[in-house]
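Down below is the structure, laid out as structure tokens.
Number of protein chains: 2
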Amino acid sequence: MTGPKEKVADLPPAGPALQLDRFIPYRLSVLTNTVSMVIAGAYEREFGLSIPQWRVMAVLARYPDLSAVEVAERTAMDKVAVSRAIQGLLDEKRVLRAFDKGDRRRSILRLSAAGQAVYTRVAPMALRYEAELLSALSPSDQRTLDRLLTRLMEQAKSMQASRDV
Amino acid sequence: MTGPKEKVADLPPAGPALQLDRFIPYRLSVLTNTVSMVIAGAYEREFGLSIPQWRVMAVLARYPDLSAVEVAERTAMDKVAVSRAIQGLLDEKRVLRAFDKGDRRRSILRLSAAGQAVYTRVAPMALRYEAELLSALSPSDQRTLDRLLTRLMEQAKSMQASRDV
DNA sequence: GGAATATAGTTTCAATTGTAACCATTGGTT
DNA sequence: AACCAATGGTTACAATTGAAACTATATTCC
């Protein structure tokens, strides 16, 4: 009797159970990359805009006169990425920068007229891409997606936080 | 009468309607980055493994004796990324490489015993991270997520295809 | 008032990644 | 057989990104 029926150390043979194309983090990554490439290509082609630059413009359109760190908070970018994006936008005169009178380290950023003009053209394009992506889902599934993303983001943040204690 | 009721060119004033933190591509990107950082940090810390290397190992564990291009197809990586990942895995002797007799360009890749040993430890860890992430969702929501990701991925691919006609 | 400490933002340098060019080999065509 | 296009894979170079160091200003606290 070579195969005892009760539990002994019959370890599974080096481990299926993990199939990459069923693995959620992998699928998220591939989906995000695909979507980003499509959209980034369009921004770049049409407006010479990188994704970081687009993000900065999007928050400044809605919240003028933020400082760079405030932009960083609202875009989930680190301050170096924000600094570089802003540098590019300043070069192209799409953003105006002043400095706070009371605290001369703080910058005060807003879209220039040219920046506004660009933004009014990029934003609808962005929304069209989003709509096209979501058109694969029913309205009800779209609401569900929204909810799931919120929950997953919360959970991911908590996993991150528990890591770097 | 300054505001005619019928349609004239009353364009919306430079465009809210887009709020970055409600924009699905942005949210996908932030979620993916957060998840990837948590997991990549663990792989690196515990096994000195990059995400591309982990992906290559995952497919070789399941499908031994693939060539590099076949690995690339199954990991959604381009062939340069695969080449580099394999180079690293060869250096650490976690992967063995032979060459096809009939076609001497084709490599034949498989995990070494050491590679298998690493894999049997990484895979459960990966699954634990996935489970922890998904634990924020009910089982029913988990199934829904699976379905939504599949649909969205299909749609994203079709958007990509229609771009580079 | 003057150290020490913290914050805003930029610069620098190294590591990662993407694109294109590049061998080597194979398959097809004449 | 000799050429030419296609394929597998690597190399080289440029662009992007990340981490740490740095400058300048502001704040704290003795």
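Residue numbers (our numbering), protein chains in the order written: chain A, 2 to 166; chain B, 2 to 166.
Beta carbons: idealized from backbone N, C-alpha and C, even for Gly.
For the segment 142-159 of chain A, residues whose beta-carbon sits nearer than 7 Å to a beta-carbon of chain B comprise Asp142, Thr145, Leu146, Leu149, Leu150, Arg152, Leu153, Met154, Glu155, Gln156, Ala157 and Lys158. Secondary structure at serine 84 (chain A): helix, using DSSP grouped into helix, strand and coil.
Around alanine 99 (chain B), the same chain offers Ile109 as residues with beta carbons nearer than 6 Å, after the five sequence neighbours per side are excluded. Put simply, of A:Ser113, A:Asp104 and A:Arg107 the residue whose alpha carbon is nearest the alpha carbon of leucine 97 (chain A) is A:Ser113. In the DSSP assignment, arginine 56 (chain A) falls within the alpha helix (DSSP H) that extends over 52-63.
Within the same chain, and ignoring the five residues on either side of valine 60 (chain A) in sequence, the residues whose Cβ sits closer than 8 Å to its Cβ are Leu67, Val72, Arg75 and Thr76. The contact set of methionine 126 (chain A) on chain B, defined by CB atoms closer than 7 Å, is empty, because the minimum CB distance reaches about 10 Å.
As summarised for the segment 107-144 of chain A, the continuous beta strand (DSSP E) elements at least 3 residues long and confined to that stretch are 108-112, given in chain order. Pairing alanine 137 (chain B) with glutamate 45 (chain A) gives a Cβ-Cβ distance that is not under 8 Å. Straight across, the Cα-Cα distance linking arginine 129 (chain B) with glycine 49 (chain B) is about 18 Å.
For the C-beta of phenylalanine 24 (chain B), the chain A residues within less than 9 Å are, from N- to C-terminus, Ala59, Ala127, Leu128 and Glu131.
With a cut-off of 8 Å on Cβ pairs, the segment 142-162 of chain A is not in contact with the segment 82-95 of chain A, counting fewer than three such pairs.
Beyond the five residues adjoining it in sequence on each side, arginine 164 (chain B) comes within less than 7 Å, by CB distance, of no other residue in the same chain. Here the alpha carbons of alanine 62 (chain B) and arginine 95 (chain B) stand approximately 11 Å from one another. Within the model, the alpha-carbon separation for isoleucine 87 (chain A) versus valine 36 (chain A) is close to 24 Å. In the DSSP assignment, alanine 77 (chain A) forms no beta bridge with any residue.
Residue contact check for alanine 82 (chain B) against chain A: no CB pair falls below 8 Å. Contacts with chain A at 8 Å (Cβ-Cβ) do not include serine 51 (chain B).
Taking 8 Å as the cut-off, the beta carbon of leucine 90 (chain B) is found closer than this to the beta carbon of valine 57 (chain B). Going by C-alpha positions, methionine 78 (chain A) is about 8 Å away from proline 53 (chain A). Against chain B, the CB of glutamine 161 (chain A) has a partner CB under 8 Å away; the residue lies at that interface. For leucine 32 (chain A) against leucine 150 (chain B), the beta-carbon gap comes to about 6 Å, under 8 Å, which counts as contact. Interface annotation, glycine 42 (chain A): in contact with chain B, CB-CB separation under 8 Å. In this structure, the straight-line span from the alpha carbon of leucine 19 (chain B) to that of alanine 162 (chain B) is close to 26 Å. Only residues of its own chain outside the window of five on either side were considered, and among them Arg111 have a CB closer than 6 Å to the CB of proline 65 (chain B), listed in chain order. Contact with chain A is absent for glutamine 54 (chain B), since none of that chain's Cβ atoms lies less than 8 Å from the residue's Cβ.
Using a CB distance cut-off of 8 Å, alanine 69 (chain B) does not count as an interface residue toward chain A. DSSP, read as helix, strand or coil, puts alanine 18 (chain B) in coil.
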